[in-house]
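In my numbering, the protein residues as written are 136 to 186. Cβ atoms here follow ideal geometry from the backbone N, Cα and C, with glycine treated the same way. Structure record follows, encoded as structure tokens.
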């Protein structure tokens with residue numbers, strides 16, 4: 136099954152913004168660090184999506 140690019144991009148952007156786990160992430164690490172980690176992982180994930 137292939138993921139549609141629009142759906143994948145939207146999912147990664149919501150995930151990278153920290154929306155689902157924002158409170159938990161802030162509780163365990165500084166916000167800037169979590170944002171950096173999220174965007175790094177999001178970029179790696181986007182590189183794996185076959186466009």
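Cutting at 7 Å between CB atoms, please list the residues of its own chain near residue i, excluding the five before and the five after it.
i, result
"residue 143", "184"
Would you kindly check if the distance between the Cβ of residue j and the Cβ of residue i is under 8 Å?
i, j, result
"residue 180", "residue 147", "yes"
Consider the C-beta atom of residue i and the heavy atoms of the ligand MN; say whether any pair is separated by less than 7 Å.
i, result
"residue 143", "The ligand MN is not part of this structure, which contains no ligands at all."
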